[in-house]
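Engineer:
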Amino acid sequence: TTGASSREIAEFEAILRPPGSSTTGPLAAFDSAWKFIKQHTSLQKHASVGSSFSDSAPNNNATAAAKLKGLANNWAGSFAGQAQGWLTQAAEQFKNFLPENKKLQVTRVADAISELRPNTEDESYLYLDPKIKAGGGGQVPRQRTPFRDVIVFVIGGGNYNEYQNLQAYAKAQPATHPRHVLYGCTELLTPNEFLAQLNQVHT
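Going by the numbering used here, the first residue of the sequence shown is number 126, and it counts up by one from there.
Structure below.
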């Protein structure tokens with residue numbers, strides 16, 4: 126995705142923290158979290174990429190700035206309690222920043238296991254078949270046809286990125302061989318809960 130330049134990040138901050146509202150603005154409660162995010166390596170990388178393309182691709186930067194401003198407006202309205210249903214709107218806009226065409230690790234593993242591909246990363250996972258009687262001994266015979274119904278459950282924190290990537294993968298399957306994927310996790314944070322955790326990490 127197109128990275129955000131330093132100027133665009135400054136505009137984002139200006140929307141979330143209007144002049145004269147440093148203690149009451151929507152960003153004030155999450156100031157430590159925002160500082161942590163700015164210091165994160167990935168955000169710094171995106172900022173440098175955005176700056177390097179500022180001269181060669183002004184239209185791309187303008188588009189990225191427009192998306193960033195739109196997302197910031199949604200966030201500002203949410204934090205201030207002035208908008209309803211902002212999560213749906215933010216999710217729709219956030220899809221533009223997600224790598225739909227690139228399989229994440231969880232998607233690659235689910236694909237390899239479902240397709241029964243040999244010599245792939247799925248060989249380190251256990252194969253359990255409830256139809257096989259216990260104590261039979263020897264190697265458990267594996268199913269030879271690909272799985273069409275898949276449940277992916279992450280032990281630990283999950284995220285929308287993994288969920289959306291799995292859904293994009295499922296939709297990309299041919300109509301003759303559809304695949305239904307369900308995603309679950311031990312914990313899935315709301316935006317406010319996530320920022321609250323970042324506040325604790327940074328302090």
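Beta carbons: idealized from backbone N, C-alpha and C, even for Gly.
Can you list the alpha helix (DSSP H) stretches of 4 or more residues lying completely in the segment 239-305, in chain order?
Structural biologist: Runs of the alpha helix (DSSP H) inside the segment 239-305: 285-296.
Engineer: Below 6 Å CB to CB, which residues in the same chain sit around Y294 once its five sequence neighbours on both sides are set aside?
Structural biologist: Your numbering for residue 294 matches position 169 in the sequence shown. Taken in chain order, the residues that qualify are T232.
Engineer: Below 8 Å on the Cβ atoms is my contact criterion, and I expect H305 with V326 to pass it. Report the Cβ-Cβ distance as a whole number of Å.
Structural biologist: Mapped onto the sequence shown, residue 305 falls at position 180. Mapped onto the sequence shown, residue 326 falls at position 201. About 36 Å; that fails the 8 Å criterion.
Engineer: Among K256, R267, K258 and I257, which one has its Cα closest to the Cα of Y250?
Structural biologist: Looking up residue 250 in the sequence shown gives position 125. Cα-wise, what sits closest to Y250 is R267.
Engineer: State the start and end residues of the unbroken alpha helix (DSSP H) segment that holds F161.
Structural biologist: Residue 161 sits at position 36 when you count from the first residue of the sequence shown. Start and end: D156 to Q164.
Engineer: Among A135, E287 and L241, which one has its Cα closest to the Cα of R273?
Structural biologist: Locating residue 273 in the sequence shown gives position 148, counting from the first residue. The option with the nearest alpha carbon to R273 is L241.
Engineer: Give me the Cβ distance between A237 and L291, rounded to the nearest whole Å; I'm assuming they're in contact under 8 Å.
Structural biologist: Translated into positions along the sequence shown, residue 237 becomes position 112. Translated into positions along the sequence shown, residue 291 becomes position 166. Contact doesn't hold; Cβ gap of about 13 Å is too wide.
Engineer: Find the nearest neighbour of K227 within the set E287, K256 and I280, judged by alpha-carbon distance.
Structural biologist: Within the sequence shown, residue 227 is the residue found at index 102, counting from 1. Nearest of E287, K256 and I280 to K227, Cα basis: E287.
Engineer: Are the Cβ atoms of V279 and T311 separated by less than 8 Å?
Structural biologist: Counted from its first residue, the sequence shown places residue 279 at position 154. Counted from its first residue, the sequence shown places residue 311 at position 186. A contact, by the Cβ cut-off of 8 Å.
Engineer: Provide the residue(s) that pair with L307 in DSSP beta bridges, ordered along the chain.
Structural biologist: Position 182 of the sequence shown, counted from the start, is the residue given in the question as residue 307. Per DSSP, I276.
Engineer: Here's the rule: buried if 16 or more other CB atoms are within 10 angstroms of the residue's CB, otherwise exposed. What is L307?
Structural biologist: Within the sequence shown, residue 307 is the residue found at index 182, counting from 1. Counting Cβ neighbours within 10 Å, L307 comes out exposed, since fewer than 16 surround it.
Engineer: Using DSSP bridges, identify the partner residues of E312.
Structural biologist: Position 187 of the sequence shown, counted from the first residue, corresponds to residue 312. E312 pairs with G282.
Engineer: In three-state DSSP terms, what is P131?
Structural biologist: The count along the sequence shown starts at 1 and reaches residue 131 at position 6. This sequence places Ser at residue 131; Pro is not what is there. Correct three-state label for S131: helix.
Engineer: Do A158 and L313 have their C-beta atoms closer together than 8 Å?
Structural biologist: Within the sequence shown, numbered from 1, the residue matching residue 158 stands at position 33. Within the sequence shown, numbered from 1, the residue matching residue 313 stands at position 188. Their beta carbons are not under 8 Å apart, which means A158 does not touch L313 by this criterion.
Engineer: Quick one: Cα of F137 to Cα of K160, how far?
Structural biologist: To locate residue 137, count along the sequence shown from 1; it is residue 12. To locate residue 160, count along the sequence shown from 1; it is residue 35. Cα-Cα distance, rounded: 13 Å.
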